[in-house]
Every structure is written in C-alpha cells, then in structure tokens.
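Asks: Residue numbers (the working numbering), protein chains in the order written: chain A, -14 to 91; chain B, -14 to 91.
We put the beta carbon where it would ideally sit given N, CA and C, even for glycine.
Quick one: this structure, given as structure tokens, is what I'll be asking you about.
There are 2 protein chains.
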Amino acid sequence: MTDASMDPRYCQRFHRAIELLGRRWNGAIIVALGAGAMRFTDLRNTIPGISDRLLGQRLRELESERIVHRVVSPDGSSAAYELTDKGTALDPVIASVSDWADAHAP
Amino acid sequence: MTDASMDPRYCQRFHRAIELLGRRWNGAIIVALGAGAMRFTDLRNTIPGISDRLLGQRLRELESERIVHRVVSPDGSSAAYELTDKGTALDPVIASVSDWADAHAP
Chain A
-14 MTDASMDPRY CQRFHRAIEL LGRRWNGAII VALGAGAMRF TDLRNTIPGI SDRLLGQRLR
46 ELESERIVHR VVSPDGSSAA YELTDKGTAL DPVIASVSDW ADAHAP
Chain B
-14 MTDASMDPRY CQRFHRAIEL LGRRWNGAII VALGAGAMRF TDLRNTIPGI SDRLLGQRLR
46 ELESERIVHR VVSPDGSSAA YELTDKGTAL DPVIASVSDW ADAHAP
C-alpha cells in the first residue's frame, strides 16, 4: 500500500475499475456469468430485483468494457452472454471481495 | 466461481461489499489511508477532484461501516483518519483490483 503506483493521483485505472465493478448489479452479473454463459432471461431470474431495462443497460456497459461478450447461436435463434478473458480475469477480485465480506461484513 | 456460496441469491454480503467499495471516492480514500493515518486536509489534497462535503460524507459512511476510524489527538487539538482492522483487511481487494486494472484496463 505504500507502493507509489497505488497513489490515487497516479492510478485512474484503479478508480475506473473499482467504480465499474461496484456499480449496482455489475458484481452480481459478473458472479452469475462466472458459472458459465447464460441467456438474458436466465440471468434476470438469477439476480433478484433487477429489471429487464437495467440488466440490458448493464450488459451493454459490460460489453463495451469487453468484460462480457454476447454470443449468438449459429442459426441466429438465440443469444447468450459470457465472460470474456478480461471478465474471467476478475476471478481473484470476486474471490477477495467475497472473502473480505464473509470475514468482516455484518 | 461455481461454488454455491457465490450464487448471488445467497450472497447479499458480497453485493453490499462491492457496492460500498465501488462507490465514488471510497476506493481512493481506502488506498490513501493504506499508507497511514491522515488529516482531513491532507486526505482531500491527495484525492484530486473531491470536495470537502463529499469527503466528509464518505468518511462518515466509512466510519459507520467500521472501515475507517477517526482519531483525536490527546489534547483534542487535531484529528486524523486511519483504517481499522476491517479496513486494513481490504489490502487483498485493493491489490487484486489494481492487478486487474493494470493488466486489462485501457
């Protein structure tokens, strides 16, 4: 934590990343997709309380960040969302937040 | 990620934690205090763009979450903010977000 690279003055990337991950529902979406590709409807049913509109908005945001990828079936009849490599690389982040929450959050 | 305990239906603590950490400025405050206790003014000067009002609001929130602790000098003439044990325990979270951002964020 005393590393100069962690100085907030020099680490816009860190801020962007933590705020993106902390935006409402993004964590839930990333965790849910961690188990594998899911269709929109299944994803919505997995995350209690999210609306179609908000889930669509968040998925577009996560797509534009190249964390989530939309895959259309070869015949074009269905689509699913899955984590990209960049999204899968969030595993250690999810795990560390989860460990901390289990140990310290009420 | 396939662990049932990570299922978003069962992990409100995870959501609360990641949203708290991702709330604007909270990551910056926690990173800044990772280097040691700081006075309000020094903290504000370390975080470019934050206002007194917002910094005060965030510090109160982080205090109420027992992540940050306000320490008054014995003679009562000055005060500083420092991470609690719960706040220090965020080190691995900060490190994992930072690693991910360095490797994957533009």
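#1: Hey, how far is the Cα of residue 18 of chain B from the Cα of residue 36 of chain B?
#2: Residue 78 of chain B to residue 54 of chain A, Cα distance in whole Å?
#3: For chain B, find out if any of its Cβ atoms is closer than 8 Å to the Cβ of residue 71 of chain A; answer yes or no.
#4: Tell me which residues of the region 54 to 79 of chain B have at least one Cβ-Cβ distance to chain A shorter than 8 Å, keeping chain order.
#5: Note down, in chain order, every chain A residue with its Cβ under 7 Å from the Cβ of residue 2 of chain B.
#6: Is there a Cβ of chain B sitting closer than 8 Å to that of residue 41 of chain A, yes or no?
#7: On the criterion of 16 or more Cβ atoms from any shown chain inside 10 Å, does residue 43 of chain B qualify as buried, or is it exposed?
#8: If you count every other CB in all the chains shown that lies within 10 Å of the CB of residue 30 of chain A, and 16 or more means buried, which is it?
#9: Could you confirm whether any beta carbon from chain B is found closer than 8 Å to the beta carbon of residue 22 of chain A?
#10: Listing by chain order, which chain C residues have their CB less than 7 Å from the CB of residue 29 of chain A?
#11: Cβ of residue -1 of chain A less than 8 Å from any chain B Cβ?
#12: Identify which residue in A/-1, A/22, A/12 and A/15 has its Cα closest to the Cα of residue 11 of chain B.
#13: What does the alpha-carbon distance come out to for the pair residue 3 of chain B and residue 32 of chain A?
#14: Compare the C-alpha of residue 50 of chain B against each of A/6, A/89, A/9 and A/8 and name the closest.
#15: In its own chain, which residues sit with a C-beta less than 8 Å from the C-beta of residue 22 of chain B, not counting the 5 before and 5 after it?
#16: Alpha carbon to alpha carbon, how far is residue 7 of chain A from residue 80 of chain A? Give it in angstroms, no decimals.
#17: If you follow the alpha helix (DSSP H) that residue 74 of chain A is in, where does it begin and where does it stop?
#18: For residue 46 of chain B, which three-state DSSP category applies?
#19: Taking only runs that begin and end inside the region 15 to 63 of chain B, name each unbroken beta strand (DSSP E) of 3 or more residues, in chain order.
Replies: This is what the structure gives:
#1: Between residue 18 of chain B and residue 36 of chain B, the alpha-carbon positions lie close to 17 Å from each other.
#2: 25 Å
#3: yes
#4: 71, 74, 75, 76, 77, 78 and 79
#5: 82, 85, 86 and 90
#6: no
#7: buried
#8: exposed
#9: no
#10: You won't find chain C in this structure, because its protein chains are A and B.
#11: yes
#12: Just measuring C-alpha positions, the residue of A/-1, A/22, A/12 and A/15 sitting nearest residue 11 of chain B is A/-1.
#13: Going by the C-alpha atoms only, they are around 15 Å apart.
#14: Nearest option by C-alpha distance: A/89.
#15: 56, 65, 66 and 67
#16: 14 Å
#17: Where residue 74 of chain A is concerned, there is no enclosing alpha helix (DSSP H), given that its DSSP letter is neither H nor E.
#18: DSSP places residue 46 of chain B in the helix class (H, G or I) of the three-state scheme.
#19: 53 to 57
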